[in-house]
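Novice: Have a look at this one.
There are 2 protein chains.
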Amino acid sequence: MGSDPSSKPEQTVQEDIQFQPEERHGLYKAIFNRRDVRGQFKPDPVSDDVLSRVLYAAHHAPSVGFMQPWDFMVIRDSEVRQKVRGAFDKAHGEATKMFPDEKQDTYRNLKLEGILESPLNLCITCDRNRTGPVVIGRTHIKTMDLYSSVCAVQNLWLAARAEGLGVGWVSIVDEQELQSILGLPRDIVPIAYLCIGYVSHFYDKPELESAGWLPRMPLQELIHFDQWQQRRDGEQESLIQQIETDQTFPTKF
Amino acid sequence: MGSDPSSKPEQTVQEDIQFQPEERHGLYKAIFNRRDVRGQFKPDPVSDDVLSRVLYAAHHAPSVGFMQPWDFMVIRDSEVRQKVRGAFDKAHGEATKMFPDEKQDTYRNLKLEGILESPLNLCITCDRNRTGPVVIGRTHIKTMDLYSSVCAVQNLWLAARAEGLGVGWVSIVDEQELQSILGLPRDIVPIAYLCIGYVSHFYDKPELESAGWLPRMPLQELIHFDQWQQRRDGEQESLIQQIETDQTFPTKF
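For the record, the sequence lines run as chains R and G.
1131 is the number that this note's numbering gives to position 184 of the first sequence; each next residue is one higher, with no gaps.
978 is the number that this note's numbering gives to position 31 of the second sequence; each next residue is one higher, with no gaps.
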């Protein structure tokens, strides 16, 4: 920490702005090798020091108005997990019927959760009233607090990957039922119910991509300039050219 | 990539599961040194290769049902940015009146955006209909697609930090007005309007923390076990003990 060049003496600045190449490499490695894990959990326990580190990572996510709306529920009790698994089974059955006939078999065969096999479940929540009704930055877009908790999820997910831990996000569940199982008051939203543990292996690609459910979209098709649908190709725009050149970048980690 | 021990031959696995200490260090360094930047932007342009990399990072966020609901609007046009700045000014004026009298002066003096000073603005959106009405994992919790786009924001934010770029999230703006300025159809939600650029310095702590607006909460007070509000102290639970021991962990990067 050094002294701050601006007028407020209490604000110190980071001295080491630059990342070394291997530090940057580590971040990209986590980003590109993170997977939603459902079926490869090993029963090995997650030690307190590793769990503490990934929780600190989550707690240092950005939050609107610095409200830090998240809580972390560590769920080890097998009775609670059986109930969550029951809620998943029910929702999964309902979900199957929503898909067109030709996709139902594929859907039914996908492994979509590891609630009981993973040694640890974690629920990251959002307290919508944490710092009172008026929050800086949430005066107009009311969902900003939910988004903050999602940022905490993503921080934890990346830290877990760097610690060799797999994480799976269980979203096929009725929210109110989950609230009731975990004893959550109505204004505490369960943002992410996560299964966490060491794994036998991480897949190279997302499972839905490998299963042929959906392909990864080419990044260049997702870029717009200044206005929605204002597209440019590589001859008009060097950024698109660069994106096309970098196509294999994520596979280099 | 290696061959997959499971039955599906098309699924290859990651060979290099473990992270080296310096790789893990790099990830935590990005997480703990990321800041919401409003006031320290330098006019230096962001090169295409750096921008391409942070966009790939965003594009490799988790997404519900692999729907990849995000788009990336690169906004450089000064007229568009002036309009967004106008929308911010209007919302900011409205917001000021929502705070109690004694907080209004502090609020008014906070620098909350860098729309025109940063060399680049980026809007990350969510296409709610990207892959049709029925999405794996979004059958019960309908906001999962919004959360996916937020994960993309957080990936980009961390990658930007590792590239030495500051990012500021502008959320004080009317959503419909922003849609209208950017030409977004109604079902394309602008999740995050970001200001991006190199900075003179990063602050050591979040600005709202330094300004005394709110303190950082102690992580151990945010941990629950199996049921909401089921708390344990360090004598009952070694995880809490570990978290207390690790209090200075985030400052070590």
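Just so you know, even glycine gets a beta-carbon here, dropped at the ideal spot from N, CA and C.
Which residues mark the beginning and the end of the beta strand (DSSP E) in which G/G986 is found?
Specialist: As a position in the second sequence, residue 986 of chain G is number 39, starting the count at 1. Counting along the chain, G/G986 falls outside any beta strand (DSSP E), and DSSP gives it neither H nor E.
Novice: In chain order, what are the residue ranges of uninterrupted alpha helix (DSSP H) at least 4 long that sit wholly in the segment 1015–1091 of chain R?
Specialist: 1025–1043, 1048–1056
Novice: Is it a yes or a no for the segment 1101–1117 of chain G touching the segment 965–980 of chain G, going by three-plus beta-carbon pairs under 8 angstroms?
Specialist: Because the criterion of three Cβ pairs below 8 angstroms is met, the segment 1101–1117 of chain G and the segment 965–980 of chain G touch.
Novice: Would you say the segment 1158–1172 of chain R touches the segment 1108–1122 of chain G, given that touching needs at least three Cβ pairs under 8 angstroms?
Specialist: The segment 1108–1122 of chain G and the segment 1158–1172 of chain R do not touch, with fewer than three beta-carbon pairs separated by less than 8 angstroms.
Novice: Which chain R residues sit within Cβ distance under 7 angstroms of G/L1129?
Specialist: Here residue 1129 of chain G corresponds to residue number 182 of the second sequence, with the count starting at 1. What G/L1129 touches in chain R: Q1174, W1175.
Novice: When the Cα atoms are used, what is the spatial distance from G/H1007 to R/R981?
Specialist: For this step, residue 1007 of chain G is matched to residue 60 along the second sequence. For this step, residue 981 of chain R is matched to residue 34 along the first sequence. Between G/H1007 and R/R981, the alpha-carbon positions lie close to 9 angstroms from each other.
Novice: Whose CA, out of G/Q1126, G/Y1145, G/D1092, G/L1112, lies closest to the CA of G/K1030?
Specialist: Position 83 of the second sequence, counted from the first residue, corresponds to residue 1030 of chain G. Among G/Q1126, G/Y1145, G/D1092, G/L1112, the Cα nearest to that of G/K1030 belongs to G/Q1126.
Novice: For R/P1137, count neighbouring C-beta atoms within 10 Å of its own C-beta (all shown protein chains included) and say buried if the count is 16 or more, exposed if not.
Specialist: Taking the first sequence and counting its residues from 1, one reaches residue 1137 of chain R at position 190. So R/P1137 ends up on the buried side.
Novice: Once you ignore the five residues that flank G/D983 on each side, which residues in its own chain have a CB closer than 8 angstroms to its CB?
Specialist: Working through the second sequence from its first residue, we reach residue 983 of chain G at position 36. Result list for G/D983: V1114, G1115, W1116, P1153, E1154, in chain order.
Novice: Closer than 8 angstroms by beta-carbon distance: list the chain G residues that pair up with R/G1040, in chain order.
Specialist: As a working note, residue 1040 of chain R is residue 93 in the first sequence. Within 8 angstroms Cβ-Cβ: nothing; R/G1040 doesn't reach chain G, min ~11 angstroms.
Novice: When burial is assigned at 16 or more other CB atoms within 10 Å of the CB, is G/D1052 buried or exposed?
Specialist: Counting from one through the second sequence, the residue named residue 1052 of chain G turns up at place 105. Per the 10 Å Cβ criterion, exposed.
Novice: Against G/L1166, what residues of chain R qualify as contacts under a CB-to-CB distance less than 7 angstroms, listed in chain order?
Specialist: Within the second sequence, residue 1166 of chain G is the residue found at index 219, counting from 1. Here the neighbours are L1002, Y1003, H1006.
Novice: With C-beta atoms as the reference, is R/D1173 less than 8 angstroms away from G/I1143?
Specialist: Taking the first residue of the first sequence as 1, we reach residue 1173 of chain R at position 226. Taking the first residue of the second sequence as 1, we reach residue 1143 of chain G at position 196. The answer is no: Cβ separation not under 8 angstroms.
Novice: Going by beta carbon distance, what residues of the same chain come within less than 7 angstroms of R/S1010, once the five residues before and after it are set aside?
Specialist: Counting from one through the first sequence, the residue named residue 1010 of chain R turns up at place 63. Closer than 7 angstroms at the Cβ level, and outside the excluded window around R/S1010, lie P1016, S1095.
Novice: In the structure shown, what three-state DSSP assignment does R/H925 receive?
Specialist: The question about residue 925 of chain R has no answer here: the residues shown for chain R are numbered 948 through 1200.
Novice: Would R/C1070 and R/D1092 be called neighbours here (beta carbons separated by less than 8 angstroms)?
Specialist: Taking the first residue of the first sequence as position 1, residue 1070 of chain R is located at position 123. Taking the first residue of the first sequence as position 1, residue 1092 of chain R is located at position 145. Not a contact, by the Cβ cut-off of 8 angstroms.
Novice: Give me the residue from R/I1170, R/T1198, R/D991 with the minimum Cα distance to G/L998.
Specialist: For the purposes of this step, residue 998 of chain G is identified with residue 51 of the second sequence, where counting begins at 1. Considering only alpha carbons, the answer is R/I1170.
Novice: Expressed to the nearest angstrom, what Euclidean distance is found between the alpha-carbon atoms of R/R1178 and G/M1014?
Specialist: Position 231 of the first sequence, counting from 1, holds the residue named residue 1178 of chain R. Position 67 of the second sequence, counting from 1, holds the residue named residue 1014 of chain G. Here the alpha carbon of R/R1178 sits roughly 21 angstroms from the alpha carbon of G/M1014.
Novice: State the DSSP-derived secondary structure class of G/G973, mapped to helix, strand or coil.
Specialist: Walking along the second sequence from the start, residue 973 of chain G turns up at place 26. In this structure, G/G973 counts as helix in the three-state DSSP scheme.
Novice: Taking C-beta pairs closer than 9 angstroms, name the residues in chain R that G/R1023 reaches, listed in chain order.
Specialist: In the second sequence, the residue the question calls residue 1023 of chain G occupies position 76. Those within 9 angstroms of G/R1023 in chain R are F1172, D1173.
Novice: Quick check on R/T1090: buried or exposed, where buried means 16 or more other Cβ atoms within 10 Å of its Cβ?
Specialist: In the first sequence, the residue the question calls residue 1090 of chain R occupies position 143. The residue in question, R/T1090, is buried, as its Cβ has 16 or more Cβ neighbours within 10 Å.
Novice: For the beta strand (DSSP E) containing G/A1004, list its first residue and its last residue.
Specialist: Along the second sequence, read from residue 1 onward, the residue named residue 1004 of chain G stands at position 57. Counting along the chain, G/A1004 falls outside any beta strand (DSSP E), though it belongs to the alpha helix (DSSP H) covering 995–1006.
Novice: Please report the distance separating the alpha-carbon of G/R1133 from that of G/P1080.
Specialist: Working through the second sequence from its first residue, we reach residue 1133 of chain G at position 186. Working through the second sequence from its first residue, we reach residue 1080 of chain G at position 133. For G/R1133 and G/P1080, the distance between alpha carbons rounds to 16 angstroms.
Novice: Leaving out five residues before and five after G/R1032 in sequence, what residues of the same chain have Cβ atoms less than 8 angstroms from its Cβ?
Specialist: Residue numbering aside, residue 1032 of chain G sits at position 85 when the second sequence is read from its first letter. Result list for G/R1032: E1060, I1062, L1063, in chain order.
Novice: Would you mind stating whether G/Q958 and R/S1157 have Cβ atoms separated by less than 8 angstroms?
Specialist: Sequence index remark: in the second sequence, residue 958 of chain G carries index 11 (1-based). Sequence index remark: in the first sequence, residue 1157 of chain R carries index 210 (1-based). In this structure, R/S1157 lies closer than 8 angstroms to G/Q958 by Cβ.
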